[in-house]
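Following: one structure in structure tokens, then a few remarks.
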Amino acid sequence: MEAEDWKKFTFISLTSPSSYGLVVAIVALAILFSLGADLVVQPRLVISPVLFAIGFIIANLVPALVIPELAPQFKEKWAYFVVFINQVLLVAVLFFFLISERITMMDSLLLWTMLSFTMWMVVLTGLGGVRIGPKAVLLSSIQQTLVWFLILLSVDFIIINPLPHLLLLLCGILVIILTFLFSEHLFSLVFMGMSGFWELSSFLRGVRGEQSSLSIGHNIDAPVQYLKFEQDGKEKILVAPWLHSGPLRSVGGGSLSTNCIRKLNQDYSDSYFLHVPSNHEYNPAADVSERVVKSIQEGGKYSALKVSRPVSHEEKKIKLFGQRIGDCYLLSLSSERIDDYEISLFHSLREKYRDLNILFVDSHPNFPIKGCSNVEAFSRDAEIIEGLLDEVIKKLSKEPLLEAELGTSVTFLEEFSLFTMLFKTQRFSTTYFIADTNGIGDNEKKSLREIASRLGIDYLFLMTTDTHSLRLKTLIERADIPQKTLEEAVSNSLKTKSARFLYAESLLTGVRILGRSYYELTAITKILARVIPLLFLIFFTFFILLLWIL
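Here you go:
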């Protein structure tokens, strides 16, 4: 999914205010509203303005206290926030009553009821309330308006010919309920009986940063390749699972690389994640980072670290560079016009060179907003990549292995991390710079090349993990990493020492990936982002016109 499409969901990641501040705001607005009500409806109040103010405060605080008890996953401050928003909406719609000669106060209250009910329905289904079931969601959604109408029994106008308005109110609520139930039914048809409310809830909670899982997809067995370095009695790991980081943030495997990096550096010394060429069909439906790290076998038969001189070959703006590290061929693809690759292509290429230990890496230098294309199996680009592989393998087979020293560094920043690895031989030095981001900016590339040249590094390879764990705003448009930070990251790996090396593989069985369902999910997401706001706008416009006519 293009980053532009995610822009519509950046509001989901916003942080809600504290509960204390919201309670103060609710009480303050209630007092102001009650003072206004004293001026507007004083002739029709059957209780004192003070009692009316107390009742108004209770009408807003009761739902905020009760709903989190009904839906434990629904945070208390979210409830206060929705109550406050509905409170502001109530003041706004009653403003229609004051400035319009055609719209009555009852009309304004009916409009607010529709808005409030819809707000609760959307938020409860989107942020975890579905665990309590559809019926409880419906009852919770109407709770604030019911308590508010009990307070309004203290006003005479509530009993003046209410039947037409109540019928209109019931019809409006029925339309909203049917809209939600139809959406649920449609989703269950597309995804074979799964709950659309539950999947939407999981998706939105994941976008906010809470780890969530999706039920869609199918199971596969995913290879895990890893490079192990032993230095000063400590092990350093580069792990490359044949999975894709996605779909987004903490939804499924969106934080796969970030979580792996964190767990690896808890169990080992400077360790990192390599992005195997793949696409979003290989997004895990749940967080499998723990399984990836545990798949790394302890110990093994190490040998002295030796590396070859790096080689590269380019055709049609697709570049493949490679380096032999011991008995492993580390091969990385780079192209400014390509985003992702069909993973089956690389299964076939590994089978072609089954006698060699080949580790493919997608350097993924591009930001997703660039709108690059994907490489499909049996395409012209796939043929080019196979030709590049043949040429690079031929070149590497002629390059001698030289004893090398190793230097590594991991730099943890606020939202992501950086990794640098230096191989130093008597003839040349090679630095791998890997960022746990989704693309490297042009200014960052320029700065890194200048730094490498200044430090006397002969070969510099830039990579990212293609992570989708970043906040939406950062994922769409990330600020450049300061040059000082980049220089420190590279410089910290300059202290090299002798090391030993081991290449190994393992297999993750029964990993649920999204598969082709990912494209159905993104299609529905795009539809929701465009159609639902329009539908609600049309509905409420029609509702206002109906109130005006009646």
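Each residue of the sequence shown is one higher than the one before, starting from 31 at the first, in the numbering used here.
Ideal placement from N, C-alpha and C gives every residue a C-beta, glycine not left out.
Residue 373 vs residue 319 beta-carbon contact at 7 Å
What you label residue 373 is simply residue 343 of the sequence shown in a count that begins at 1. What you label residue 319 is simply residue 289 of the sequence shown in a count that begins at 1. The answer is no: Cβ separation not under 7 Å.
Is it right to say residue 371 is buried, meaning 16 or more other beta carbons lie within 10 angstroms of its own, or is it exposed?
Translated into positions along the sequence shown, residue 371 becomes position 341. Burial is judged here by how many other beta carbons sit within 10 angstroms of a residue's own beta carbon; residue 371 has at least 16 and is buried.
Would you say residue 355 and residue 341 are within 7 Å of each other, going by their C-beta atoms?
Indexing the sequence shown from 1 puts residue 355 at position 325. Indexing the sequence shown from 1 puts residue 341 at position 311. No, these two residues do not count as a Cβ contact at 7 Å.
Among 409, 283 and 264, which one has its Cα closest to the Cα of residue 296?
Along the sequence shown, read from residue 1 onward, the residue named residue 296 stands at position 266. Of 409, 283 and 264, the residue nearest in Cα terms is 264.
Examine the Cβ distances between the stretch 457-471 and the stretch 242-259 and report whether three or more of them are shorter than 8 Å.
no
Count the C-beta pairs between the stretch 416-423 and the stretch 511-523 that are closer than 8 Å, then say yes if the count reaches three, no if not.
As far as the Cβ criterion goes, the stretch 416-423 does not touch the stretch 511-523, which means the pair count is below three.
Per-residue DSSP class, three states only, for residue 370:
The residue labelled residue 370 in the question sits at position 340 within the sequence shown. Residue 370 falls in the strand class under three-state DSSP.
Exposed unless 16 or more other CB atoms sit within 10 angstroms - verdict on residue 329
Reading the sequence shown from its first residue, position 299 is the one you call residue 329. Classification of residue 329: exposed, given that the 10 Å Cβ count is below 16.
Are the stretch 390-398 and the stretch 321-335 touching, with three or more C-beta to C-beta distances below 8 Å?
no
What runs of the beta strand (DSSP E), each 3 residues or longer, lie entirely inside the stretch 486-539?
Fully enclosed beta strand (DSSP E) runs of 3 or longer: 489-494.
Can you tell me which of 377, 391, 428 and 431 puts its alpha carbon nearest to the alpha carbon of residue 407?
Here residue 407 refers to the residue found at position 377 of the sequence shown. Nearest C-alpha to residue 407: 377.
Applying the criterion that 16 or more other CB atoms from any shown protein chain within 10 Å of the CB defines a buried residue, is residue 508 buried or exposed?
Working through the sequence shown from its first residue, we reach residue 508 at position 478. Under this definition residue 508 is a buried residue.
Please report the distance separating the alpha-carbon of residue 532 from that of residue 258.
The residue given as residue 532 occupies position 502 in the sequence shown. The residue given as residue 258 occupies position 228 in the sequence shown. For residue 532 and residue 258, the distance between alpha carbons rounds to 5 Å.
Cβ contact check for the stretch 482-498 and the stretch 377-388: 3 or more pairs under 8 Å:
Fewer than three beta-carbon pairs drawn from the stretch 482-498 and the stretch 377-388 are found closer than 8 Å, and the two stretches are therefore not classed as touching.
Stretch-stretch touch, CB-based, cutoff 8 Å, three pairs: the stretch 529-545 with the stretch 343-351
no
Using a Cβ-Cβ cutoff of less than 7 Å, which residues in the same chain neighbour residue 323 once the five nearest sequence positions on both sides are dropped?
As a first step, residue 323 is located in the sequence shown; it is residue number 293 there, counting from the start. Hits under 7 Å: 290, 293, 294 and 297.
Does the Cβ of residue 525 have 16 or more other Cβ atoms within 10 Å, making it buried, or fewer, making it exposed?
Along the sequence shown, read from residue 1 onward, the residue named residue 525 stands at position 495. So residue 525 counts as exposed.
Contact between the stretch 436-444 and the stretch 356-363 is defined here as three or more beta-carbon pairs at a separation below 8 Å; is this criterion met?
no
Please check the pair residue 432 and residue 455, which I expect to be a contact at CB under 8 Å, by giving their CB distance rounded to whole angstroms.
Residue mapping note: residue 432 aligns to position 402 of the sequence shown, counting from 1. Residue mapping note: residue 455 aligns to position 425 of the sequence shown, counting from 1. The Cβ separation is near 4 Å, so the contact holds.
Which residue spans inside the stretch 274-332 form an unbroken beta strand (DSSP E) run of at least 3?
Runs of the beta strand (DSSP E) inside the stretch 274-332: 276-278 and 281-283.
Helix, strand or coil: how does DSSP classify residue 98 here?
Against the sequence shown, residue 98 aligns to sequence position 68. Helix at residue 98.
Leaving out five residues on either side along the sequence, give the residues of the same chain with a beta carbon under 6 Å from the beta carbon of residue 517.
Residue numbering aside, residue 517 sits at position 487 when the sequence shown is read from its first letter. Only 481 meet the Cβ criterion.
Tell me the residue span of the alpha helix (DSSP H) that contains residue 475.
Numbered from 1 along the sequence shown, position 445 holds the residue referred to as residue 475. Segment 472-484, the alpha helix (DSSP H) holding residue 475.
Other residues of its chain near residue 223: CB distance less than 6 Å, five sequence neighbours each side excluded:
The residue given as residue 223 occupies position 193 in the sequence shown. Bear in mind that a pLDDT of 48 at residue 223, under 50, signals an unreliable position, so the model cannot answer this.
Going along the chain, which residues of its own chain have a beta-carbon closer than 7 Å to the beta-carbon of residue 349, five neighbours each way excluded?
Counted from its first residue, the sequence shown places residue 349 at position 319. Only 342, 364 and 365 meet the Cβ criterion.
So, helix, strand or coil for residue 26, using DSSP?
The question about residue 26 has no answer, for the chain in this structure spans 31 to 580.
Which residues mark the beginning and the end of the beta strand (DSSP E) in which residue 437 is found?
Numbered from 1 along the sequence shown, position 407 holds the residue referred to as residue 437. Here the beta strand (DSSP E) through residue 437 covers 435-442.
Take the Cβ of residue 484 as the centre, count every other Cβ of all protein chains shown within 10 Å, and call the residue buried at 16 or more, exposed below.
Residue numbering aside, residue 484 sits at position 454 when the sequence shown is read from its first letter. Exposed: under 16 other Cβ atoms inside 10 Å.
What residue from 314, 453 and 143 has the CA that sits closest to residue 541's CA?
What you label residue 541 is simply residue 511 of the sequence shown in a count that begins at 1. Of 314, 453 and 143, the residue nearest in Cα terms is 314.
Close Cβ partners of residue 300 (< 6 Å) along its chain, the five nearest in sequence each way excluded
Position 270 of the sequence shown, counting from 1, holds the residue named residue 300. Closer than 6 Å at Cβ, skipping near neighbours: 266, 438 and 440.
Rounded to a whole number of angstroms, what is the C-alpha to C-alpha distance between residue 83 and residue 56?
The sequence position of residue 83 within the sequence shown is 53, counting from 1. The sequence position of residue 56 within the sequence shown is 26, counting from 1. C-alpha separation (whole angstroms): 12 Å.
Around the C-beta of residue 450, are 16 or more other C-beta atoms found within 10 angstroms, so that it is buried, or is it exposed?
For the purposes of this step, residue 450 is taken as residue 420 along the sequence shown, with counting starting at 1. Burial of residue 450 is indicated by the presence of at least 16 other C-beta atoms within 10 angstroms of its C-beta.
Span of the beta strand (DSSP E) around residue 464
The residue you call residue 464 lines up with position 434 of the sequence shown. First-last of the beta strand (DSSP E) with residue 464: 459-465.
For residue 109, which of helix, strand or coil comes out of DSSP?
As a position in the sequence shown, residue 109 is number 79, starting the count at 1. In this structure, residue 109 counts as helix in the three-state DSSP scheme.
Using only alpha-carbon positions, find the residue among 333, 545, 49 and 94 that is nearest to residue 109.
The residue given as residue 109 occupies position 79 in the sequence shown. Selection 333, 545, 49 and 94 evaluated against residue 109 yields 94 as nearest (Cα-Cα).
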